[in-house]
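Under the numbering used here, the residues of the sequence shown are numbered 6 to 770, in order.
Contents: one structure, followed by commentary.
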Amino acid sequence: MKRLNIILAAVAACVGFVSCGGNAVEPAIPVDPEIEKAVEKTLANMTLEEKVGQMTEVAIDILGGWGPDGFTLDPEKVQNAIGKYKVGSVLNTPVVGQTPEKWQEIIGYIQDVSMKELGIPCVYGLDQNHGASYVMGATYLPQNINVGATFNPEVAYQAGQITAYESRAANCPWTYSPTVDLSRDPRWPRVWENYGEDPLVNAIQGSAAVRGMQGEDPNHIGPNNIAVSVKHYLGYGNPRTGKDRTPAYIPEYELKEKNFAPFKACVEAGALTIMVNSASVNGVPVHASKELLTGWLKEGLNWDGMIVTDWADINNLYTREGVAHDKKEAIEIAINAGIDMTMEPYDLEFTTLLIELVKEGKVSMERIDDAARRVLRLKYRLGLFENPNTPFENYPDFASEKFAQIATAAAEESEVLLKNENGILPLKKGQKILVTGPNANSMRCLNGGWSYTWQGHMADMFTEQYNTIYEAVCNKFGAKNVVLEQGVTYVPQGGYAEENAPEIEKAVRAARNVDVILACIGENSYCETPGNLTDLALSENQRNLVKALAKTGKPIVLILNEGRPRLINDIEPLADGVIDILLPSNYGGDALANILAGDVNPSGKLPYTYPRHQASLTTYDYKVSEETDTMEGAYDYNAVVSVQWPFGYGLSYTTFEYSNFQCSVEEFGADTELVFTVDVTNTGKVAGKEVVMLYSRDMVASMVPENRRLRAYEKVEIQPGETVNVALKIKGSDLAFVNTQGEWTLEPGEFRMQAGNQTLMLTCK
Ligand code: BGC
């Protein structure tokens, strides 16, 4: 076939990437002349020491200590960091989250010293990853993996709004969120921190979170909004080993086409800062990659935001990655690559060494000015020069009932019904229920990491007012109908995989007197490297528990409560029902009880592929050649993709039928607008929400095409018997791919489009 490829130089910017030195790109964030004037005026009066100080961020731990009244700042230490070293940013919580009042005190004091010593406000940053998760008493939203499972950008937007409001109530203007790494390896301990495996879902949900947190005008972040730091740029989510902070090897075409897409979408939504991947991609630590930091991000997107390192990652260039001889060389490499602010976090020597590097001519004054300018611009955009503090009394809705309802609804939309046989669900009223398994009675398990502490291990101490699964089931079905016998338990405050000696017999005995068993299994909380694993299977104790319970003949519903998909292929057949609640947080137990009772119709969909076998890990957009039929002849090329549940899978208590799938055109080019319409009918007896997904398959391409790619989605609520006509719009150029030369290309030929069970063919001319 004759190939007349359309190389999408002109449209590259709208589909994902523009190469450096190519067409001029509009600034990602509109330039505000007033802000630029103010930045230049401030910069003009600053010494080299002050500029380098603005590039430095330290951890709160080095500014104070713990005593009988909890954590308190040490005025001498604060004076040393800000007065002497001119530090412009502080981060983190001292071990455990603080009350809004305490944050007001801590950050307020730091702001006072900053304004007095430097005339420049400090920008304080916290990991507010699912709500203001380092602020005691704040409204916790479900973790991002759940927000992905809702396939509803409004949920991400509202979660962002609440997070921002409650952060400001604690006087904190900046967060290290949202996370839009693609979780393309189920072994990775950070799967749950982002919106799943797909670039489009991360782009749509992530950019909605950015708008929710920052508001609509990135130049003027209001008092109810905060600055985001989209992370972790780039390619963090599929390390070859499956372990945290280990090298990834991702072909450049895939990096551009998939990993870059959500960062680009977030930048276009106005993201003011970006945090860098701690590890290396294709042999180069991202903190040392001028191409990725300055080339792709700052120049390629014409983005004037600020790049911050991850935790101690400049040091890691010499201590771990082995690309620098010492700290000084590591600083030279990272700053010249495009880092604007270093999250140091404990050592102020960074400033001394960077000043030396400038004096020696190894880092230019121009680079220092560029970095300091980006930090100052952030502070002006945040309004911190005018209002360094946001007093608590201005936030009467902190932890309000209104926010709790939004968090509960978000959890309800995010829990995924994966199996429902023999009419097991909803549970019938009056049934006797055994609630069992290690996740049955724990707020720690529902929340996961980044909850009150980094590892989330102390969550049960601070969550008395919320309901565990057991408590929520008691409230819903009546305590007299519910028995708790866990059979397997985790070690309190232990590592995520630490279990006590099992007492399976006790659970089996309790099962004899009930009608149905809810086996609440999965993982305990973890975060980052402590969550690494060597075996993807669910723990042996937990699988043994389910096997023993199955022998009682009582019907079982598996409640999966886990940060990543643990293998359950040997116990799934023993259950009539399966609900994956992922990490739904403080209102997740109530949400589950509502679903179990049929008061809420589940509508979550898996945001990742749920694997069935250890050595058969894949993503839904695998290359077609991963799955080939048996060939005739001497060699058998047979390959099979076998998964437990596919990406996008999730059942409802009703059924939906698709019909009348159409497209506004039969032939298209790069600039054609394609409008797809499909009728979706609720053919069941209860109202339900359906995620209508549009997939494409490039039938023949010069690079092995993918099985399918998600191109658009929309969630709609449909009443029983009602038919809704859903329209999904894309541009022809959205069907392009990045070729081996790194160019976006749209090749003439056939595309198969799919919505539900409906397909149609289109031709690219
Ligand atoms: C994590 C980041 C986090 C940072 C600050 C790092 O260890 O990788 O996601 O934002 O710490 O707490």
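Using N, Cα and C, we set each Cβ at its ideal position, and we do this for glycine too.
If I measure Cβ to Cβ from residue i and keep anything under 7 angstroms in the same chain, skipping five residues before and after, which residues do I get?
i	result
Tyr254	Arg245 and Asn287
Gly499	none
Thr468	Met448 and Asn591
Val729	Val685, Val721 and Ile723
Pro570	Pro191, Tyr613, Tyr615 and Pro616
Ser419	Pro147, Asn151, Val152, Ala154, Thr155, Leu587, Pro589 and Gly609
Ala161	Val152, Gln210, Ala213, Ala214 and Gly217
Val646	Thr623, Tyr627, Glu631 and Glu632
Arg378	Val44 and Leu48
Asn307	Val30, Glu31, Pro32 and Ala33
Arg517	Thr557
Should residue i go down as buried or exposed, given a rule of 16 or more other Cβ atoms within 10 Å for buried?
i	result
Trp197	buried
Pro589	buried
Asn149	buried
Thr278	buried
Ala732	exposed
Gln410	exposed
Gly454	buried
Ala773	Residue 773 is absent from the structure shown; the chain starts at 6 and stops at 770.
Lys333	buried
Gly435	exposed
Ala506	exposed
Ser369	exposed
Ala484	exposed
Gly130	buried
Gly366	exposed
Pro431	buried
Gln219	buried
Apart from the five residues on each side of it in sequence, which residues of its chain come closer than 8 angstroms, Cβ to Cβ, to residue i?
i	result
Glu476	Asn446 and Gly594
Val648	Thr614, Tyr615, Pro616, Arg617, Ser621 and Thr623
Leu550	Thr441, Gly442, Gly492, Val493, Pro507, Ile509, Ala512, Ala524 and Ile526
Met708	Tyr258, Phe742, Asn744 and Thr745
Lys734	Glu678, Leu679, Val680, Phe681 and Ala717
Throw me the rounded Cβ distance for the residue i and residue j pair, which I believe falls under 8 angstroms.
i	j	result
Ile111	Leu78	6 angstroms
Glu670	Val685	The amino acid occupying residue 670 in the given sequence is Val; Glu does not appear at that position. So it is not a contact: roughly 22 angstroms between Cβ atoms.
Val185	Pro267	4 angstroms
Gln759	Arg713	7 angstroms
Asn199	Gly242	7 angstroms
Leu239	Val313	Leu239 to Val313, Cβ: 14 angstroms. No contact.
Ala137	Ser172	5 angstroms
Leu96	Pro497	Between Pro497 and Leu96 the Cβ distance is about 29 angstroms, and since that is not below 8 angstroms, they are no contact.
Ala342	Leu298	5 angstroms
Leu362	Ala339	Incorrect: roughly 11 angstroms between the Cβ atoms, too far for contact.
Lys511	Glu528	That pair is no contact at about 22 angstroms.
Asp331	Ser283	No, Asp331 and Ser283 are not in contact; Cβ-Cβ is about 19 angstroms, not under 8 angstroms.
Val233	Pro183	7 angstroms
Gly585	Asn427	A quick correction: the sequence has Asp, not Gly, at residue 585. Contact doesn't hold; Cβ gap of about 19 angstroms is too wide.
Go through its chain and collect everything with a Cβ distance to residue i's Cβ below 6 angstroms, but skip five positions before and after it.
i	result
Thr98	Tyr139
Val705	Gly754
Thr790	This structure cannot speak to residue 790, because the chain is shown only from 6 to 770.
Gly27	In this prediction, Gly27 scores a pLDDT of 43, lower than 50, which makes its location untrustworthy; the coordinate-derived value is nonetheless stated afterwards. So the list is empty, once near-sequence residues are dropped.
Tyr114	Leu78
Leu381	Val44 and Thr47
Tyr654	Leu611
Leu359	Val57 and Ile336
Lys481	Ala598 and Ala602
Ile344	Ile312 and Thr314
Leu389	Pro126
Gln109	Asn176 and Phe397
Glu727	Asn687
Leu439	Val488, Ala515, Ala516, Val519 and Ile522
Does chain D have any CB closer than 8 angstroms to the CB of residue i?
i	result
Gly655	In the structure shown, chain D does not exist; there is a single protein chain.
Kindly provide the ranges of any beta strand (DSSP E) runs that are 3 or more residues long and lie completely inside the segment 657-738, ordered along the chain.
661-668, 678-687, 693-703, 714-723 and 728-736
The ligand BGC site residues, beta-carbon cut 5 angstroms against heavy atoms:
Going along the chain, the residues that qualify are Asp132, Tyr181, Asp315 and Trp316.
If we require 3 or more residues per run, which beta strand (DSSP E) segments fall completely within the segment 391-477?
Fully enclosed beta strand (DSSP E) runs of 3 or longer: 421-425 and 438-441.
4-residue-minimum alpha helix (DSSP H) runs that sit fully inside the segment 76-140, ordered along the chain:
80-83 and 105-122
Alpha helix (DSSP H) runs wholly inside the segment 549-604, at least 4 long, in chain order:
593-602
Segments assigned alpha helix (DSSP H), at least 4 residues, entirely inside the segment 470-535
Segments of the alpha helix (DSSP H) lying fully in the segment 470-535: 474-482 and 509-516.
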